[in-house]
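Some notes on the structure that comes next.
2 protein chains.
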Amino acid sequence: MENIKDKKYYPIREVAQLTGVRESVIRFWEQNFDELKPIKNRVGQRKYMKKDIDVILAIKKLLYDDEYKISGAQKRLKELLEEAAGEQMELFTFDEKMKNRKLNEIRNDLQEALAMLESGG
Amino acid sequence: MENIKDKKYYPIREVAQLTGVRESVIRFWEQNFDELKPIKNRVGQRKYMKKDIDVILAIKKLLYDDEYKISGAQKRLKELLEEAAGEQMELFTFDEKMKNRKLNEIRNDLQEALAMLESGG
DNA sequence: CGCTAGCCAGCTGCGCTACGCCCCGACCTA
DNA sequence: TAGGTCGGGGCGTAGCGCAGCTGGCTAGCG
């Protein structure tokens, strides 16, 4: 079970440390970037997965390195994600795509349930 | 003599109309972008050439379409101009490059002198 | 008189921060 | 087991500071 790590959920404080972005900024970005939607546990606390952290790092680059405005970064991020998704999908046959989709759905459900258990109650 | 048009100098009011950018904004950008340096006539009035207008349009795109911040647009513009210059230069042999450089210097001198005459007095 | 210059105080809203409140778990007391 | 209370993490949001103009001034020139 290699990807057990992928299932770990990080609280906002850890994400802030890992990414070097303040908690308040992470919360602010969440209001502005559809792509940044961590799940929340029973009491409303944010729980981040690896993919969320990647999104934060991508936004950080666009805003602080490339120096886009928020609105510009939104557009660019969407482009980048579409490109990445396109490349991903080209690697699969149709059947594999379907299988992959199902697996992802199930995994997401499990991960959400897990997060509730781990950090919610 | 086709490129006689290239020698025409535009006053700021015309540039504002042509580009759809307010005069005050053009003057403001001039303080922030090294690449936007129109020559000035004897009494200090700005005189724009085609290349200046291209720069303004490039800045406009970066700021209003791509939605960079000023600082980001500065960096991006420099990159774009270097790329363009690089591509240009690759078309020439060494000797041609030298000749081209000389010609450019001479042309610039002539254009400046001309602008003084035409619009300065 | 119209066009433009430079200067600069003022305005708007973007991007972030600081703060007050809430929830929860740990520990005590009975 | 219930009840009290203390501290720490996290929440949302009002407010702050500055980027990016705007517009009004005075002055020079033809």
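These protein sequences, in sequence, are chains W and P. Each residue of the first sequence is one higher than the one before, starting from 4 at the first, in my numbering. Each residue of the second sequence is one higher than the one before, starting from 4 at the first, in my numbering. Heads up, the beta-carbon is just placed ideally off N, CA and C, and yes, glycines get one too.
How about ILE59 (chain P) and LYS50 (chain P): are their beta carbons less than 8 Å apart? For the purposes of this step, residue 59 (chain P) is identified with residue 56 of the second sequence, where counting begins at 1. For the purposes of this step, residue 50 (chain P) is identified with residue 47 of the second sequence, where counting begins at 1. Not in contact: ILE59 (chain P) and LYS50 (chain P) (Cβ atoms no closer than 8 Å).
Whole-angstrom distance between ILE15 (chain P) and GLU33 (chain W), CA atom to CA atom: Locating residue 33 (chain W) in the first sequence gives position 30, where the first residue counts as 1. Locating residue 15 (chain P) in the second sequence gives position 12, where the first residue counts as 1. CA-to-CA, the gap between GLU33 (chain W) and ILE15 (chain P) works out to about 42 Å.
Considering just the uninterrupted stretch of the alpha helix (DSSP H) at ARG45 (chain P), what are its terminal residues? As a position in the second sequence, residue 45 (chain P) is number 42, starting the count at 1. ARG45 (chain P): not part of any alpha helix (DSSP H); DSSP gives it neither H nor E.
Assigned secondary structure, TYR71 (chain W) (DSSP; H/G/I helix, E/B strand, else coil): Taking the first residue of the first sequence as position 1, residue 71 (chain W) is located at position 68. DSSP places TYR71 (chain W) within a strand segment (E or B) once states are collapsed to three.
Following a CB-centred definition, is ASP68 (chain P) positioned closer than 7 Å to any heavy atom of the ligand ATP? Absent from the structure shown: the ligand ATP. Ligands present: none.
Tell me, please, which residues DSSP counts as bridged to TYR13 (chain P). Sequence index remark: in the second sequence, residue 13 (chain P) carries index 10 (1-based). BP columns for TYR13 (chain P) point to P:TYR51.
Would you say GLU70 (chain W) faces chain P, with C-beta separation under 8 Å as the test? Walking along the first sequence from the start, residue 70 (chain W) turns up at place 67. So yes, GLU70 (chain W) belongs to the interface.
Quick check on GLY75 (chain P): buried or exposed, where buried means 16 or more other Cβ atoms within 10 Å of its Cβ? Residue 75 (chain P) sits at position 72 when you count from the first residue of the second sequence. It is buried - the Cβ of GLY75 (chain P) has at least 16 other Cβ atoms within 10 Å.
With 16 as the cutoff for other CB atoms within 10 Å, does GLU121 (chain W) come out buried or exposed? As a first step, residue 121 (chain W) is located in the first sequence; it is residue number 118 there, counting from the start. Per-residue confidence for GLU121 (chain W) stands at a pLDDT of 48, beneath the threshold of 50, marking its modelled position as unreliable; the derived number appears in the next sentence. It is exposed - the Cβ of GLU121 (chain W) has fewer than 16 other Cβ atoms within 10 Å.
Nearest CA to the CA of ASN21 (chain W): which residue from W:ASP55, W:ASP68, W:GLN77 and W:TYR71? Translated into the one-based positions of the first sequence, residue 21 (chain W) becomes position 18. In the sequence as displayed, the identity of residue 21 (chain W) is Leu instead of Asn. With distances taken between Cα atoms, LEU21 (chain W) lies closest to W:ASP55.
Same chain, Cβ closer than 7 Å to ARG129 (chain P), five either side skipped, listed in chain order: As shown, chain P starts at 4 and ends at 124. That puts residue 129 (chain P) outside it, with no answer to give.
Once the 5 residues before and after GLU38 (chain P) are set aside, which same chain residues still bring their CB inside 7 Å of it? Here the question's residue 38 (chain P) lines up with position 35 in the second sequence. Spatial neighbours of GLU38 (chain P) in its own chain (CB-CB distance under 7 Å, excluding positions within 5 residues in sequence) are listed in chain order as VAL58, LEU80 and LEU84.
Whole angstroms are fine: how far does the CA of GLN91 (chain W) sit from the CA of ALA61 (chain P)? As a working note, residue 61 (chain P) is residue 58 in the second sequence. As a working note, residue 91 (chain W) is residue 88 in the first sequence. Rounded to whole angstroms, the gap between the alpha carbons of ALA61 (chain P) and GLN91 (chain W) is 33 Å.
Against chain W: residues of the stretch 50-77 of chain P by CB proximity under 7 Å: From the stretch 50-77 of chain P, only ASP69, GLU70, TYR71, LYS72, SER74 and GLY75 have a Cβ closer than 7 Å to chain W.
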